[in-house]
Structure formats: structure tokens, C-alpha cells
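To keep things clear, I will list the structure first and then write my remarks on it.
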Amino acid sequence: LMMLNKLLNGYLNEARLSVCRMSRYVGQPSPISHPQLIGVGCVTPGILKTEYAERRAKFWSSIWKHAQTNHTNMNNCVVLIPAASVRYCAPDVPHVFRQESNFFYLCGFQEPDSLLLLYGKTEEAHRSVLFVQQRSPHKELWEGSLAGCDGAKWLTDVDWATVHDDFTKFFEEYLLANGQARSTVMYSVVSDLSAANPCYKKALEIAGNLAIYGESALELIHRLRWIKSSAEVELMRKACLIGCEALADTMRYTRHCRDENVLVAKMDLELRLRGAKQLAYPPVVAGGSRANIIHYLDANQTVEENDLILMDVGCEVGGYVSDITRTWPVSGVFSKPQSILYDLLYDCQCKLIDRIDQRRLVTLREAYLEMMALLSAELQNVGLLSGELTAQEAFNAVDQICPHHVGHYLGLDVHDTHTVPKDVPFQTGVVITVEPGLYFPSDCVDVPEEFRGIGMRIEDDVLVTSTGVDVLTDRCPKSKNDLQAWLNI
């Protein structure tokens, strides 16, 4: 147990001294280097060290309970949460790095290829350790400062931190101590972004050699992430406000510029000017019939004078994202067929949000079925769907016109906590999107010619509260009258 004793005693004493005198830049914003971004006691914008510690404690508790229920011979747990690795789009040209969300949720540390390890023998007590990159003058010359062990400990307030090179010996010694490998369950939280993490790959090798049972903890951490704290809600509220203001300005800009690619740049600029870190995802900026391509990303055309433009965009603030869609006429005035469809879609979306607010719809599944029923009835009312169809035939027809779901969960990821089923009742603190759409491609022969080539979607971000809902994106013009008034100021 020499390795364990060294790390738990000598290293801890050294780390405590380093923490007290930390003054250098540690590779990510901190209260010392970036007081304008990070408040005292915070690891990342708006999130305190104590909140990260509470998250780890709740996660550990859920892990322990799961292990006790499902593994009767278990008396020891270890949990691996690897960070994302850097990805490259060309030799020596990295993609913009974004930390793996589950790792970020538990510690807020931003360095690639780190690994957070939790271990313990009771539900009430666990230890947390970060394995981080060794500081290197050469690497820091080219890529900037690294946190190192002292910086990682100081930033995150985990129990201790050490370098990658210590991982193998630590993990093997811990698992073999007192023969506990036989009664250890190893959980992991891994995604496509973190599967190549070197420490994680080594852990799999060691666990395989020792025949240790491994299990995914993705569903457990998603259940925690699904419900947002008050601090998380404030970050999402800010991301939504910035997104609304930036999108509203970009809407008006389309009166003067109709190049889809320039509009992407305009939106990116407006978001960053207001304090967002970056776009939340590659935006959809689709003019005319291209709006019928639900994830149209080419943005290489010019929007015609009488066309609608659909923009699906969001931004990131403190790691949390917004996701907003608006559709509007670049001319500033809806044509008659555009107006008919927009009124129908707007009415559908408003009813969905109202019914979620009234607790008449309490799951995404229920909201989806209600969306399909509302669209079916309204399309029949305006003569775009036959009134002679059976309920199943009408559902199938609407599924061709709106082939996507009514929404998804939102948080650190755009499609957040995807393992939480869509038939689970909403709880206070859950954020969802509500985004019905109508799509009539140019070659659609089932509708009159004047409706062909029209595609539209309206999307808002909705927080479920104890008394109803709070529409976080209500600052962006949405009704037909509001849009036309805004575009013609």
C-alpha cells in the first residue's frame, strides 16, 4: 500500500500548502485570474465548489444504493468518470474543445484526458481524486498553462489530485488491497467524447485482468442532471436571454442581408457580444424550401425576397445551453399561405405550453401525442388534411408533415439527459423544449401549390416550476403580429 499511503499522506500535505499560495493561471478561469467571470468560491461561472461537492455526494449515494440492490456480495465501489479527449479535424488542427458533460457536472475541471475517480465502502463516505496531465514547459509553451496537481485540487476542491502516471499503480493497489477486488463493483460514466481517455482505457484493462464486474452509471447521473438547481436555472435563463436578444437582432438584419452564411456569423457575433462563450451547436439557417431539411447546416444560399427563413440556434453560458427556433418572412410581411400555416403552428405551440403549465400534459410523451392531435385537427380545419381519415391515418399523415418529436430535455447538452425516458412525469427544475413544426417540401403533391416549399418551426425553452412553467425564451418575438411589427420598425 505504499502508493496509497504516499498519495493520501505526503501528497495531501504538499497540496494543502500549494492551495494556500495558489496565484498563477491554472489553465481555466478562476476567481483570481478572471474575477469578472468566476465568483469567489466558484469553480465555473455561477456554480460553487460546495454545489459540485453536493453533486458528487448525491451521485455517490445513488451509486451505492444501486450497488447494494443489484450486487449482494459487494462491499466496495469505484466509479470512473473520464474527461473528453481532444479531437482533430486535420493533422495538428484540433476541434474546439468542449468538456464531457458528465465529468463537467461533477467537478467543473476543463482539461482534456483528465479522470475523476470516486471510491468508498459506505454510502455516507467516499473519496474523490482527479488524475490530470503532468505540467510540462514544452506543452505549456505551445498550448498554455496546465493546472497541475496543486491547481486541480485548488480549483475543484476534490479530496486530492495527482498525475496520469500515478493512475495504474494506484488503481491496481487499491483494487488488490485486502483482496477487495472480488467484492468491488466498478461503475463508469463514459460517452463517445471520453471513450478514448487513456486512464479510462487502462482501467478497463486492469479491471478485465482482475475479473471485476463493470456497469454503466449513465442513467444514474442523468437522473441527477435532469433536475436543475437554482444556480443552473440562472445560467440557463441567461443563455436564453442572450439567445433571444441575439436572434431578435439577427431577424431585423435579414432586411439588409439574406446570405445564410453571413447570418450564421451575425448570430455568432451577437451572442458573444452579450457574453455567451460560443454557439451551442451548428445553427440551422434555412431560407425558403431548405427549411424542410430539419437539420440543414449548409448555409450556402441566398434567401429570396418572398421566402420565410427558419433559424434554429442557441448559445452556451457557463456550460449550459439555450435552443431557440423562430421562422419569419424576410420581406417583413407573411404571405397568405405563410400566414395560414404560421397561425396554425403558433396556436398549436401556445396550447401545448398552456397545457403543460396547467399540468394537463405532464410528460414529453403526452405533449407529443397532443401536438399530433392538435396539428391533425388544425390541418383538417384549413383543408390541408382530409376530414375522412381515421385517427391512425391522420396520425400517420401528420407524422409525414411533422416527423420529429415535440421536444427534448435541455441543460449542459442540447439533447440533454437522453437516458431519461420521455414518459417520466416532469418535476420542478426540469427544462424542456416545445417545438412543433410543419414541413411541406417543394415536391409535396398532397397540398395546393401555394403551400409547397414552406417549412417552419417554433421552439421555446420551458422551465417546469412548482406552480406551472416559466418560458425562458419569451423575450424573442414570436406571434405573427409581433414578428411583423419588429421586422418593420
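Numbered per full-length UniProt numbering, the sequence shown spans residues 1 to 489. Note that the Cβ used here is the ideal one computed from N, Cα and C, for glycine as well. These numbers were taken from a predicted model, which means no experiment stands behind them.
Whether residue i touches residue j by CB criterion (9 Å)
i	j	result
residue 554	L247	Look at the range of the chain in this structure, 1 to 489, and you will see that residue 554 is not part of it.
Y213	L80	no
L379	M236	no
A280	A231	no
L345	G275	no
Y368	H415	no
G407	E366	no
I454	S331	no
P337	F451	yes
H222	T465	no
Y174	V190	no
R359	E370	no
L375	I353	no
L193	S85	yes
L241	L210	no
A203	H66	no
L146	E123	no
G151	V26	yes
A83	N261	no
E245	E270	yes
E316	K266	no
Of the residues the options, the one placed nearest residue i, counting alpha carbons only
i	options	result
residue 491	L369, F104 and L193	Limits of the chain in this structure are 1 at one end and 489 at the other, which puts residue 491 out of reach.
C149	K139, L141, A161 and C315	A161
G318	W60, G39, W226 and S33	G39
C350	V430, L218, V471 and P35	V471
residue 496	R87, A83 and W60	There is no way to answer for residue 496, as the model of the chain reaches only from 1 to 489.
V158	S479, G41, K49 and S85	K49
S62	L118, D92, Q392 and E316	L118
D312	V264, N306 and V303	V264
R326	A90, L375, T433 and E449	T433
Q68	V93, E111 and T184	T184
K228	G314, L412 and W154	L412
D307	Q427, G287 and I293	G287
C348	E140, S322, A377 and R360	A377
I47	Y320, M251 and L361	Y320
W226	V26, V285 and L410	L410
Y439	T363, Y342 and V430	Y342
T428	R24, R87, G468 and L483	G468
L483	P45, E219 and T250	T250
A391	V382, N381, P403 and M372	M372
V132	D357, V163 and E140	V163
D259	E270, E234, M267 and T302	T302
V430	V447, D357 and S442	D357
L116	T72, Q134, F167 and C257	F167
N102	V129, Q134, E219 and K169	E219
Start and end residues, beta strand (DSSP E) containing residue i
i	result
N76	N76 to P82
V262	Per DSSP, V262 belongs to no beta strand (DSSP E); it is in the alpha helix (DSSP H), E260 to L273.
R457	I454 to R457
D249	Segment S230 to Y253 is the alpha helix (DSSP H) holding D249; no beta strand (DSSP E) there.
D461	D460 to V464
A485	That residue, A485, is in no beta strand (DSSP E); its alpha helix (DSSP H) goes K480 to L487.
E449	Element bounds for E449: n/a, residue is neither H nor E.
L310	L308 to V313
N- and C-terminal bounds of the alpha helix (DSSP H) containing residue i
i	result
A397	A391 to I401
E378	L364 to N381
C199	P198 to N209
L224	L218 to W226
Buried or exposed by the 16-neighbour rule on C-beta atoms within 10 Å, applied to residue i
i	result
H126	buried
D423	exposed
W64	buried
C107	buried
W142	exposed
D165	exposed
F109	buried
R55	buried
A394	buried
A485	exposed
I489	exposed
S479	exposed
E14	Only weak support exists for where E14 lies, its pLDDT of 44 falling under 50; the value from the coordinates is given anyway. Exposed, by the Cβ-count rule.
P35	exposed
S386	exposed
W154	buried
R255	exposed
L17	Residue placement at L17 cannot be trusted, given a pLDDT of 40 that sits under 50; the coordinates are not used to answer.
V93	exposed
V473	For the sequence presented, residue 473 should be read as Thr rather than Val. Buried, since its Cβ has 16 or more Cβ neighbours within 10 Å.
G10	Here the model assigns G10 a pLDDT of 45, short of 50, so the residue's position is not dependable and the matter cannot be decided.
For the UniProt domain "Aminopeptidase P N-terminal" (47-192), list the beta strand (DSSP E) runs that are entirely contained and at least 3 residues long, ordered along the chain. Segments of the beta strand (DSSP E) lying fully in the UniProt domain "Aminopeptidase P N-terminal" (47-192): 76-82, 88-90, 115-120, 127-132, 160-163 and 184-188.
Can you give, in chain order, each stretch of the beta strand (DSSP E) that sits fully within the region 316-369 and has at least 3 residues? Taking only runs of at least 3 residues, the beta strand (DSSP E) segments lying wholly in the region 316-369 are 324-329.
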